[in-house]
Amino acid sequence: MKRNIVLIGFMGSGKTSVGKRLSINLKREFIDMDDFIEKREGMTVNEIFEKKGEQSFREMERELCRRFAVPKGKIIATGGGVIKNAENVENLKKGGVIVYLSSSPERIAYNLRFDNSRPLLAGENKEKKIAALMEERKGLYENCADITIDVSDMNLDGTLKEIYRALDL
Ligand code: S3P
Numbered sequence: 016m017k018r019n020i021v022l023i024g025f026m027g028s029g030k031t032s033v034g035k036r037l038s039i040n041l042k043r044e045f046i047d048m049d050d051f052i053e054k055r056e057g058m059t060v061n062e063i064f065e066k067k068g069e070q071s072f073r074e075m076e077r078e079l080c081r082r083f084a085v086p087k088g089k090i091i092a093t094g095g096g097v098i099k100n101a102e103n104v105e106n107l108k109k110g111g112v113i114v115y116l117s118s119s120p121e122r123i124a125y126n127l128r129f130d131n132s133r134p135l136l137a138g139e140n141k142e143k144k145i146a147a148l149m150e151e152r153k154g155l156y157e158n159c160a161d162i163t164i165d166v167s168d169m170n171l172d173g174t175l176k177e178i179y180r181a182l183d184l
């Protein structure tokens with residue numbers, strides 16, 4: 016079976032949009048981890064954080080990543096925090112190639128300017144929160160990426176083209 020294509024990157028970097036298009040174009044199954052968890056729990060990520068706590072959400076992520084340790088040709092859009100856990104990275108790598116959509120904090124802030132669905136960015140000073148979290152995680156994304164694509168100044172079509180080129184698709 017083909018390896019999975021695993022999209023990682025900060026919130027708002029475009030993993031879900033890119034994953035959906037890849038899935039259509041390559042005729043491969045698409046799984047958005049946040050979406051999968053939300054449907055299964057019958058709650059939004061915001062509600063899960065609020066009612067069950069972040070730790071519980073991370074446990075759900077971890078359990079899902081275990082299932083993705085096998086190459087099944089899937090397109091997987093991860094949540095931005097998935098790379099915080101080394102076991103997740105190990106499992107995702109076992110099953111697939113890791114594509115990092117790297118983006119500037121400015122572009123992320125722009126993409127998420129009307130968004131209220133990310134509990135970690137809720138409240139005042141969204142830009143500052145993005146910058147701080149990005150600083151904390153940048154190295155983690157870079158370390159586990161097989162392929163890095165800087166999408167700061169790219170649209171969806173440009174990003175797809177880069178992915179096809181990098182993966183020889
Ligand atoms: C998170 C990213 C979110 C979601 C949750 C936590 C994070 O996913 O999993 O809000 O820790 O970066 P997206 O990257 O799809 O926004």
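For what it's worth, this note's numbering labels the leading residue of the sequence shown as 16, then goes sequentially. Note that the Cβ used here is the ideal one computed from N, Cα and C, for glycine as well. In this text the structure is predicted, and so the values were computed from the model without any measurement.
Item                                                                                                                               : Value
Are there any heavy atoms of the ligand S3P lying less than 7 Å away from the beta-carbon of M149, as far as the coordinates show? : no
I'd like to check one pair, I164 with I145: are the Cβ atoms closer than 8 Å?                                                      : no
Would you kindly work out how many angstroms separate the C-alpha atoms of K109 and N103, rounded to a whole number?               : 10 Å
Measuring CB to CB, does D47 end up less than 8 Å from A84?                                                                        : no
Could you tell me the boundaries of the alpha helix (DSSP H) in which D49 lies?                                                    : 48-56
Give the single residue among L175, E121, N170 whose Cα lies nearest to the Cα of F25.                                             : E121
Would S28 and I123 qualify as a contact pair, given that the criterion is a beta-carbon distance under 8 Å?                        : yes
CA-CA distance, D172 and E78?                                                                                                      : 32 Å
Using only CA atoms, which one of N170, E65, R36, N19 lies nearest to R133?                                                        : E65
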